[in-house]
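Take a look at the structure set out below.
Protein chains in written order, with our numbering: chain A, 1 to 156; chain B, 1 to 405.
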């Protein structure tokens, strides 16, 4: 299930105390989801007893962040049948490996983002993904073409 | 690179990694395909007579005896084995004046026959990849039955004349009774036609082609036809849903394709099927002019010679079943009949049919342990590249059985 910044914001202290270095709690919530900030950087949440309940809920909410890759990508191998739609539609694969995965075959490039291993999708090199890094593009081509919803992104 | 024999796609880009002589990793194959390689050593059959394990030699002798003594033999299955083995099976059937049938009788044999008789224009999957614009999936859910079909051959890959990807250079049409996983992919530049009655939809297309307003999908059908004219090369993949939806009456469907071809190029291909079903259909067609359900004694094909009908009418005393598990797929009444027949099972794995068989002869898994040729659903011949070599394969066993006739 995707996590929205609003859901995180609602559970933060909402005091805009700036102790985390951000101007507002909302800005902090965005960065937590993008993994640019750690939730532990919100010190009042962990130090002040009155936020204990909120803290519990928030940590539970953020649990999937640990499973996700740096781009927020989560692959549920249980749901994957290995149709390889995601591998072929990936714009990075198409431009860097036009005669391999761009043409429907298994990847012929060195470090593909995805590859089918033992019949299911495996993430090999997430750094090549257009969602990676500072100047990222929120591409969802692979998720859009997965009929069994095996691919999801944290932000939805 | 190896060829996966999981379905009629026959994907030829599968790679395997070995560890101590055992397959430890499979790359590029789908879940079903990878299973064939990874589970190579599980549930393997062993030679037996009446359920008791024996030496292979003894089992072979017993099978030879049964074949020799049989008056009315039927050979069935064959769709997961190679062309070379199928040829031997047909030769055996001819010499024994036996019946021969495969799964295509209730799978897509009718469609293959239409193509072989040139009643509908057909093409290859390579051509589809390079040229196809409008791609129909009619009564089939390839996401499950032929997992890599869309990504390797049809909708998603960039082809020689289709370089801009699926969003601009393809138009997907899915016709099915429910919103299948494949139908979920029909989003932008695509249509999903929820079929109540296939004939109604075919009539809709014919009406629109004749300039009348179709009775159903008034907006979608004219749009699809317009796209087809634009595309110049279009293809319809027909599955079991279409076959059973039409109930054996293909005239209207053929008329629709003919009419469509007056305005644009439209080709037809079967989607679904066992890895080498079309191979068997082609071999038998070359020899007899029929694709399945054939009696070499009466030299004709008939619905009465379908495997289940033969069991029903007690027409056979011995059944040679190669690479198929009819006990698993046929209703109980036929299973009972099969149990009363002298059955010889040739299969690499344990099967339900093997449990009631007189003789079980373990063979090799085509494509993993034995080479040979297979024919994909589009008629392309593909050379298998085995990982291991097992001497006792379908070919070896069928040759042995041929020795005594």
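The beta-carbon is built from N, C-alpha and C at its ideal position, and this holds for glycine as well.
Keep in mind the model is a prediction, meaning the values are calculated, not measured.
Annotation for residue 45 of chain B: 347, 348, 349, 350, 354, 360, 362 place their beta carbon closer than 7 Å to its own, counting only its chain and skipping 5 residues before and after.
In the DSSP assignment, residue 154 of chain A falls outside any alpha helix (DSSP H), carrying neither H nor E.
Taking 4 residues as the shortest admissible run, the region 35-63 of chain A contains the following complete alpha helix (DSSP H) segments, listed from N- to C-terminal end: 43-47, 52-61. Between residue 161 of chain B and residue 189 of chain B, the CB-CB gap reaches or exceeds 7 Å.
Near chain A, meaning a CB-to-CB distance below 8 Å, the residues of the region 28-40 of chain B are 28, 29, 30, 31, 32, 33, 34, 35, 38. For residue 330 of chain B and residue 136 of chain A, the gap between their C-alpha atoms comes out near 55 Å. Judged by DSSP secondary structure, residue 122 of chain A falls within the beta strand (DSSP E) whose first and last residues are 120-123. Counting the other CB atoms within 10 Å of its CB gives residue 3 of chain B a total of 16 or more, which places it among the buried residues. Of the candidates B:231, B:194, B:320, B:242, the residue whose Cα lies closest to the Cα of residue 220 of chain B is B:194.
Within chain B, the C-beta atoms nearer than 8 Å to that of residue 118 of chain A come from 25, 26, 34, 38, in chain order.
For the C-beta of residue 123 of chain A, not a single chain B residue is nearer than 9 Å; the gap to the nearest is close to 14 Å. Taking the Cα of residue 111 of chain A as reference, the smallest distance to any Cα among A:105, A:120, A:104, A:97 is reached at A:97.
At least one CB of chain B lies nearer than 7 Å to the CB of residue 147 of chain A.
Using a Cβ-Cβ cut-off of 7 Å, residue 181 of chain B is close to 147, 148 of chain A, given in chain order. Look at the region 65-149 of chain A and you find these whole runs of alpha helix (DSSP H), each 4 residues long or longer: 85-89, 91-96, 141-144. Residue 104 of chain B carries a helical assignment under DSSP once its states are collapsed to helix, strand and coil. Look at residue 152 of chain A: its C-beta is not under 7 Å from any C-beta on chain B.
Excluding its 5 nearest sequence neighbours in each direction, residue 254 of chain B has C-beta neighbours in its own chain below 8 Å: 114, 119, 120, listed in chain order. Following the DSSP letters along the chain, one finds residue 328 of chain B inside the alpha helix (DSSP H) bounded by residues 326-329. Proximity of the region 140-149 of chain B to the region 308-328 of chain B falls short of the contact definition, fewer than three beta-carbon pairs being nearer than 8 Å. Your pair residue 27 of chain B and residue 115 of chain A checks out as a contact, with CB atoms roughly 6 Å apart and the cut at 8 Å. Cβ-Cβ distances below 6 Å link residue 116 of chain B to 285 in the same chain, with the five nearest sequence neighbours on each side left out; the list follows chain order. Assigned with DSSP and collapsed to three states, residue 223 of chain B falls in helix. Note that the C-beta distance between residue 81 of chain A and residue 147 of chain B is below 7 Å. Chain-order list of chain A residues neighbouring residue 143 of chain B: 81, 83, 85, 147, 148, by C-beta distance under 9 Å.
Judged by pairs of C-beta atoms under 8 Å, the region 122-130 of chain B touches the region 260-275 of chain B, as three or more such pairs exist. Counting along the chain, residue 374 of chain B sits inside the beta strand (DSSP E) bounded by residues 372-375. Under the 8 Å Cβ criterion, the region 17-32 of chain A does not count as touching the region 67-77 of chain A, having fewer than three qualifying pairs. Residue environment for residue 244 of chain B: exposed (fewer than 16 other C-beta atoms within 10 angstroms of its C-beta). Less than 7 Å divides the Cβ of residue 133 of chain B from the Cβ of residue 231 of chain B. For residue 153 of chain B, the chain A residues whose C-beta falls within less than 9 Å of its own C-beta are 104, listed in chain order. Listed as beta-bridge partners of residue 84 of chain B by DSSP are no residues whatsoever. With its beta carbon less than 7 Å from one in chain A, residue 147 of chain B belongs to the interface. Here the alpha carbons of residue 73 of chain B and residue 341 of chain B stand approximately 10 Å from one another. Taking the beta carbon of residue 115 of chain A as reference, the chain B residues within 7 Å of it are 27, listed in sequence order. At least one CB of chain B lies nearer than 7 Å to the CB of residue 89 of chain A.
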